[in-house]
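J.:
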Amino acid sequence: MVEYYFPLKDETLIREYFMRQALEMRIGAYPKQGELALSIDEVPVGCVFVLDNQVIAKGMNDTNRSLSGHRHAEFAGIEAVLAKYPASVFKSVDLYVTVEPCIMCASALRQLGIRAVYFGCSNDRFGGCGGVLHINLDAGIDRCYPAIGGIFREEAIMLLRRFYLQENDKVAPDDDLFYETITYYTDLGFTETFVYDRANPHSSEHQDDLCFLSDKETWLHSDTEHEGQGTAITIKVRLVTTAKIEEEVVRQRKHRRSSTLFPPTEIRDWRGAKQALVLFTPKLENIIKLLKDKGYAYQAQPNSYEPFEIYTYDPLSTLVGFTSKPNPFTTVVKPLPAPQALQKKSLKTSNTLDTGKKRRKIAVMTSGGDSPGMSGAVRAVVRTTIAMGHEAYCIYEGYEGLVQGGDLIKKMAWEDVRGWLSEGGTLIGTARSAAFRERPGRLAAAKNLIVNGIDGLIVCGGDGSLTGADLFRAEWPGLLGELVQNEELTKEQIEPFETLNIAGLVGSIDNDMSSTDATIGAYSSLARICQAVDYIDATAASHQRAFIIEVMGRHCGWLAVMSGVSTGADYIFIPEKPPGEGWEKQMCDIIARHRKLGKRKTIVIVAEGAIDRDLKPITSEYVKKVLVDVLKLDTRVTCLGHVQRGGTAVAYDRMLATLQGVDAVKAIVNAKPGNPSPMIAITENKITRKSLVEAVKMTKGVAEAIKNKDFEQAMKLRDAEFDEYYRAFIATTVTGKEKDRLPEEKRKRYAIVHVGAPAGGMNAATRAAALYCISRGHRAFAIHNGFSGLVRHDSVQELTWLGVEGWAIRGGSEIGTNRTEPDVDMGMVAWYFQKYQFDGLLLIGGFEAFKSLSELRKARQSYPAFRIPMICLPATISNNVPGTEYSIGSDTCLNALIDYCDAIKQSASASRRRVFVVECQGGRSGYVATMAGLSTGALAVYTPEEGIRLETLMQDINKLRESFASDQGMNRAGKIILRNEKASATYTTDIIANMIREESQGRFESRTSIPGHVQQGGTPSPMDRIRAVRLATKCIQFLETHGGTKVAVYDNPESAAVIGIKGAAVVFTPMAILESTDTDWKNRRPKQAYWRNLRGIVDVLSGRKDTFDDVDVDEETEDTGLESSL
1 MVEYYFPLKD ETLIREYFMR QALEMRIGAY PKQGELALSI DEVPVGCVFV
51 LDNQVIAKGM NDTNRSLSGH RHAEFAGIEA VLAKYPASVF KSVDLYVTVE
101 PCIMCASALR QLGIRAVYFG CSNDRFGGCG GVLHINLDAG IDRCYPAIGG
151 IFREEAIMLL RRFYLQENDK VAPDDDLFYE TITYYTDLGF TETFVYDRAN
201 PHSSEHQDDL CFLSDKETWL HSDTEHEGQG TAITIKVRLV TTAKIEEEVV
251 RQRKHRRSST LFPPTEIRDW RGAKQALVLF TPKLENIIKL LKDKGYAYQA
301 QPNSYEPFEI YTYDPLSTLV GFTSKPNPFT TVVKPLPAPQ ALQKKSLKTS
351 NTLDTGKKRR KIAVMTSGGD SPGMSGAVRA VVRTTIAMGH EAYCIYEGYE
401 GLVQGGDLIK KMAWEDVRGW LSEGGTLIGT ARSAAFRERP GRLAAAKNLI
451 VNGIDGLIVC GGDGSLTGAD LFRAEWPGLL GELVQNEELT KEQIEPFETL
501 NIAGLVGSID NDMSSTDATI GAYSSLARIC QAVDYIDATA ASHQRAFIIE
551 VMGRHCGWLA VMSGVSTGAD YIFIPEKPPG EGWEKQMCDI IARHRKLGKR
601 KTIVIVAEGA IDRDLKPITS EYVKKVLVDV LKLDTRVTCL GHVQRGGTAV
651 AYDRMLATLQ GVDAVKAIVN AKPGNPSPMI AITENKITRK SLVEAVKMTK
701 GVAEAIKNKD FEQAMKLRDA EFDEYYRAFI ATTVTGKEKD RLPEEKRKRY
751 AIVHVGAPAG GMNAATRAAA LYCISRGHRA FAIHNGFSGL VRHDSVQELT
801 WLGVEGWAIR GGSEIGTNRT EPDVDMGMVA WYFQKYQFDG LLLIGGFEAF
851 KSLSELRKAR QSYPAFRIPM ICLPATISNN VPGTEYSIGS DTCLNALIDY
901 CDAIKQSASA SRRRVFVVEC QGGRSGYVAT MAGLSTGALA VYTPEEGIRL
951 ETLMQDINKL RESFASDQGM NRAGKIILRN EKASATYTTD IIANMIREES
1001 QGRFESRTSI PGHVQQGGTP SPMDRIRAVR LATKCIQFLE THGGTKVAVY
1051 DNPESAAVIG IKGAAVVFTP MAILESTDTD WKNRRPKQAY WRNLRGIVDV
1101 LSGRKDTFDD VDVDEETEDT GLESSL
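Numbering (full-length UniProt numbering), first residue to last: 1 to 1126.
#1: Please state whether DSSP places PHE18 in a helix, a strand or coil.
#2: Where does ILE591 land, buried or exposed, given buried means 16+ other C-beta within 10 angstroms?
#3: How would you call TRP219, buried or exposed, if buried means at least 16 neighbouring beta carbons within 10 angstroms?
#4: Taking buried to mean at least 16 other C-beta atoms within 10 Å of its own C-beta, is SER542 buried or exposed?
#5: Using 8 Å as the cut-off, can you tell me whether the region 517 to 531 makes contact with the region 676 to 686, which would need three or more C-beta pairs spanning the two stretches below that distance?
#6: Which term fits TYR886, buried or exposed, when burial requires 16 or more other beta carbons within 10 angstroms of its beta carbon?
#7: Do VAL1067 and ILE977 have their CB atoms nearer than 8 Å?
#8: Decide if SER92 is buried, meaning its Cβ has at least 16 other Cβ atoms within 10 Å, or exposed.
#9: Any contact of the region 171 to 184 with the region 135 to 149, i.e. 3+ C-beta pairs under 8 Å?
#10: Sorted by chain position, which residues of the same chain lie with C-beta nearer than 8 Å to SER514's C-beta, five sequence neighbours on each side aside?
#11: Going by beta carbon distance, what residues of the same chain come within less than 6 Å of PHE771, once the five residues before and after it are set aside?
#12: Could you have a look at GLN834 and say whether DSSP puts it in helix, strand or coil?
#13: If you reduce the DSSP assignment to three classes, tell me which class MET513 lands in.
#14: Which two residues bound the contiguous alpha helix (DSSP H) that contains SER465?
#15: Write down every uninterrupted run of the beta strand (DSSP E) in the region 927 to 1010 whose length is 3 residues or greater and which is fully enclosed by it, in chain order.
#16: Please work out which residues of its chain come closer than 7 Å, Cβ to Cβ, to TYR185, disregarding the five sequence neighbours upstream and downstream, and give them in chain order.
#17: What three-state label does DSSP hand ASP448 in the structure shown?
#18: Which residues in the same chain as PHE152 place their Cβ atom closer than 6 Å to its Cβ, once the five residues preceding and following it in sequence are excluded?
#19: Where are the alpha helix (DSSP H) runs, 4 residues long or more, that stay fully inside the region 168 to 198, in chain order?
#20: Can you list, in chain order, the residues of its chain whose CB lies under 8 Å from that of GLU855, leaving out five sequence neighbours each side?
#21: Taking the alpha carbon of ALA983 as the reference point, which residue from VAL1098, GLU1005, GLU805, ASN1083 has its own alpha carbon closest?
#22: Using the DSSP secondary-structure output, state which residues sit across from TRP219 in a beta bridge.
#23: Helix, strand or coil: how does DSSP classify GLU438 here?
#24: In the DSSP assignment, find the unbroken beta strand (DSSP E) run with GLY321 in it and report its ends.
#25: Quick check on CYS556: does DSSP put it in helix, strand or coil?
#26: Taking the alpha carbon of VAL533 as the reference point, which residue from SER563, SER525, MET60, LEU960 has its own alpha carbon closest?
#27: Check whether the Cβ of ARG383 sits closer than 7 Å to any heavy atom of the ligand GDP, and report yes or no.
#28: Do GLY840 and residue 1141 count as a contact pair if the criterion is CB distance below 8 Å?
#29: Around the C-beta of THR281, are 16 or more other C-beta atoms found within 10 angstroms, so that it is buried, or is it exposed?
#30: Using a Cβ-Cβ cut-off of 8 Å (strictly less than) and excluding sequence neighbours within five positions of GLU24, which residues of its own chain qualify?
#31: State buried or exposed for GLU487, treating a residue as buried only when at least 16 other CB atoms are found within 10 Å of its CB.
#32: Can you check the region 732 to 794 for any alpha helix (DSSP H) of at least 4 residues that lies completely inside it and give the ranges in chain order?
#33: Do GLY553 and GLY462 come within 8 Å of each other at the CB atom, strictly closer than that value?
#34: Could you tell me which residues DSSP puts in a beta bridge with CYS47?
#35: Pop quiz: LEU489 and LEU457 are said to be a contact at Cβ under 8 Å. What is the actual Cβ separation, rounded to whole angstroms?
#36: Determine the direct distance from the alpha carbon of GLN301 to that of THR63, and round the result to whole angstroms.
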């Protein structure tokens, strides 16, 4: 028999209609809504099964009444269907259910072959259709089915709340208990809204809502203080003296009076008792204080340190609960803050926002080609948005998802992006949308944003994606007008959305966006290329072969240039700087010269968009033909293809994506009408904001300049760093050009020494410095084994082209290094300097190199041999050298540490109940630990600058308890804590792990892990290689320009300096200034470190802190209104 039939054709109306039927099942088809479900004490979940727009069966929870754990609403409905139809009918049946099916029900529905599932609110504790597991979509034998949620979501949640926070009748047997109960609830903040007294009929008239047995009734009401802080509730307290129940009342009266002091239960956990009332409150601490002041017994759950639930009994023996969880199915709780932080606001649930500030809904999407780091950017946007008190959304499948809307626009919670930092590509999908290129598509996109209440959009993609975003914003007013004109929306609906704020993040492996030094994913792609070329290098040398490596870059040669610099390639082809006429002979001459010098291999890098000056493509196959025909070389071609996009993001891309994602949210939140849309960029080491329109215009200008054969303009439109690296490649690769050599009288003898611990990139820097010297006509000398080698063994050797040519990819130090400083024997050091007649000195190393330069500078007064220009190139994994924000080797260290932590997290994830405490190197500088924490999402980071306190440890342990309690073993992301080796002399890595193990009370376990010297890395990272080349060539240029007579050098304080990257520039800082103003000599680190400002971001994004401090979110803008410093 057909129960319902509704001939609908609009899909949205169909879904809403049948969800209403499920909601009616849930609340009961009775005059008093909720009577059916609530009268039998069931969690009110209802469902209907629909075949051909007909409801063929209904189901409702029946677990409590039947005492059967499998009697869920879905199973009740399934039984009803099978009573009338064969099982094969399910392939044509849709299920509408008020709450997302649990794992058990989702599995049963899949086995039956259900066609589709539609639900109201999600179930992030037991959900089997995306809340916890994707039973409906996971690989398996049975057919998958779609599960679409959010239909009447608010109504579904409110009805759930009504079950837990329902109207509650309380019966008192006499006046004393009646008024005592009223006093109890008014103390809790309830107010009297209605009073009835049968003996005094003038006080009020008897109403239908009154119980006919009541002698007296008082209605108590509690309203919410702010929107989103709970549900209004009414309690009826009744006095009933009817003779029929008097005997029972007298029997229970004695223990009821004492229930507030001595609870009427023997069970250990009061939550197991029959409870009639659970109240939501954002001020749990106030409830505890009140109960203590009144002398009422109460129980805190899950512990007394950081409770999020409190239970007590009222005078009528009714168990009353207070919870900080606003949704009964949620796992996100608001813990009770520590006593000293009671006034601090929690922003994690996006429910607290400063009064007067607009609560925004900010969406993020990824578009165009995928790139490693995109998922990390999405994570940063989502968590920053929530932490700043706003709502975060993800738009799946790029612009196509924006056009289609519906379930492709999803509200995100904090835990939804957990573990995304270590994932490659984009987890929210990306697609190229033909529909968005047309105005009707953009019209649909605008409507979808307004319908979802979204007023801020962050787009992560390449120049095409950002061009589309800017066009969308430019058309926004017209799109709104057209929506109103077409009667798709009303004026009232569009009024709050007159301005659409857009920010751009550049996600592109080609690094083809002008106005930024790096794009998200570029360095990860470069790492894949360098790894492949490093592998090829060995076989090429073994067989004396030539390899042509084709890399991506249709309109941008960044990957080709950087891989050429990083790997020591012989020749490169890029679209911005095509070779001149007769390039075949020029290339062959250079390669032949290298072979004549003794080089056994040849590497040529070709960008896929390489052209000659007549715009004719230069293909890898043609280059191979030239080498085979002219030089008779055994030549192979390797096209790396999409391998360059694959894998997880390297450390730099994780940090870049995170910091840019944070700044994009800040840009949206602080945007003012009329401000141009910003593109979040990076210049050297500083996060900046550039005009999106201008950046896109400059990027397109490069392609236009190439098309017009204006190659000089094409190079200018790229950032200055690009041209510097290209020139550095030419200077360190092309040999024998007499025009580049200085006159004989200007040629110098420069010494190079390594001081301190080895660091990745030392050899690349030495190679670059030596080859640049050779190309300029200078002579470069290596002081082997540091100053001790010089003093004891006279270990000075001239560096040759062939001797250093293969050093670019080698880790460690080929000339040897140690921590000995020149004061071991200053006189002997000066004697050797005079013996070899050094005209300049390049020190490569960490704090020991910095200190050595200081000693040599001060010794100039006594030793004229030191009156030469001297420069320190910082190279240390600790990144603790004053005068720079970046040291060579630190990126290699971070990549090694992050790979190690990813493996550790995988182990922790597999066990589900384990946390690892990882000890990091770094000396007394917390740089490595902090940046690794930023890149891995570590739960806590301990550094020497902040130290470790017992109070901090206990807070972190409580956070672990909360995290494991909410996970319930279902979350796959492992947990790690990073501790710098010098963070505390008392709280060692083992002690912290033991404390965690002890305080966990068996709920989870802890392990220690010490990577040790693994952090010094093996093969240097591409970033360390290319920056080593660039900075080393600048160091030699510094020595060239700061030379002169002994007197002139002695009188010039700038002749001894440290090269470094600070903010948006490469700078040379005189040692005299650094010694007195910026050096913490005791702790061997700078007095100021930029990365310390990132600690707040690390703690908030990991969940350690609920809020950003003022220093984390304050906007620092320059006059342009576009630049911002992190």
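Glycine included, each C-beta is placed from N, C-alpha and C at the ideal position.
Everything numeric in this text was worked out from a predicted model, so none of it was measured.
T.: Taking the coordinates as given:
#1: Stepping through the sequence shown from its first residue, residue 18 is reached at position 18. Looking at PHE18 - three-state DSSP - the assignment turns out to be helix.
#2: Within the sequence shown, the letter at position 591 stands for residue 591. By the neighbour-count rule (16 or more Cβ atoms within 10 Å), ILE591 is buried.
#3: Working through the sequence shown from its first residue, we reach residue 219 at position 219. Buried, since its Cβ has 16 or more Cβ neighbours within 10 Å.
#4: Stepping through the sequence shown from its first residue, residue 542 is reached at position 542. Burial call: exposed.
#5: yes
#6: Indexing the sequence shown from 1 puts residue 886 at position 886. With 16 or more Cβ atoms within 10 Å of its Cβ, TYR886 is classed as buried.
#7: As a first step, residue 1067 must be located in the sequence shown, where it is residue number 1067. As a first step, residue 977 must be located in the sequence shown, where it is residue number 977. Result no, Cβ atoms of VAL1067 and ILE977 do not sit closer than 8 Å.
#8: Within the sequence shown, residue 92 is the residue found at index 92, counting from 1. Exposed, by the Cβ-count rule.
#9: no
#10: Counted from its first residue, the sequence shown places residue 514 at position 514. Closer than 8 Å at the Cβ level, and outside the excluded window around SER514, lie ALA695, MET698, THR699, GLY701, VAL702, LEU717, ARG718, ASP719.
#11: In the sequence shown, the residue the question calls residue 771 occupies position 771. For clarity, residue 771 is Leu in the given sequence; the question names Phe instead. Here the set comprises THR732.
#12: The residue given as residue 834 occupies position 834 in the sequence shown. DSSP places GLN834 in helix when its eight states are reduced to three.
#13: Walking along the sequence shown from the start, residue 513 turns up at place 513. Three-state DSSP puts MET513 in coil, outside helix and strand.
#14: As a first step, residue 465 is located in the sequence shown; it is residue number 465 there, counting from the start. Here the alpha helix (DSSP H) through SER465 covers 463 to 485.
#15: 940 to 942, 975 to 980, 1005 to 1009
#16: One-based indexing of the sequence shown puts residue 185 at position 185. Contacts found: LEU220, ILE235.
#17: If you number the sequence shown from 1, residue 448 lands on position 448. One detail in the question is off: residue 448 reads as Asn in this sequence, not Asp. ASN448: helix per DSSP, three-state reduction.
#18: Residue numbering aside, residue 152 sits at position 152 when the sequence shown is read from its first letter. Answer for PHE152: MET19, GLY120, listed in chain order.
#19: 175 to 187
#20: For the purposes of this step, residue 855 is taken as residue 855 along the sequence shown, with counting starting at 1. Cβ neighbours of GLU855 beyond the five flanking positions: GLU821, PRO822, ASP823, MET826.
#21: Counting from one through the sequence shown, the residue named residue 983 turns up at place 983. Ranking the options by Cα distance to ALA983, first place goes to ASN1083.
#22: Position 219 of the sequence shown, counted from the start, is the residue given in the question as residue 219. Paired residue(s): PHE194, LYS236.
#23: The residue given as residue 438 occupies position 438 in the sequence shown. Residue state, collapsed to three classes: coil.
#24: Translated into positions along the sequence shown, residue 321 becomes position 321. That run of the beta strand (DSSP E) goes 319 to 323.
#25: Sequence index remark: in the sequence shown, residue 556 carries index 556 (1-based). Correct three-state label for CYS556: coil.
#26: Looking up residue 533 in the sequence shown gives position 533. It is SER563 whose Cα lies nearest to the Cα of VAL533.
#27: Absence of the ligand GDP from the depicted structure is noted, as is the absence of any ligand whatsoever, leaving it without description.
#28: With the chain covering 1 to 1126 only, the question about residue 1141 has no answer from this structure.
#29: Here residue 281 refers to the residue found at position 281 when the sequence shown is read from its first residue. Buried is the call here.
#30: The residue given as residue 24 occupies position 24 in the sequence shown. Closer than 8 Å at the Cβ level, and outside the excluded window around GLU24, lie GLY46.
#31: Taking the sequence shown and counting its residues from 1, the one referred to as residue 487 is at position 487. Burial call: exposed.
#32: 762 to 776, 786 to 793
#33: Within the sequence shown, residue 462 is the residue found at index 462, counting from 1. Within the sequence shown, residue 553 is the residue found at index 553, counting from 1. No. Outside cutoff.
#34: Within the sequence shown, the letter at position 47 stands for residue 47. Answer is GLY59, VAL97.
#35: Within the sequence shown, residue 489 is the residue found at index 489, counting from 1. Within the sequence shown, residue 457 is the residue found at index 457, counting from 1. Contact doesn't hold; Cβ gap of about 18 Å is too wide.
#36: Against the sequence shown, residue 63 aligns to sequence position 63. Against the sequence shown, residue 301 aligns to sequence position 301. Cα-Cα distance, rounded: 25 Å.
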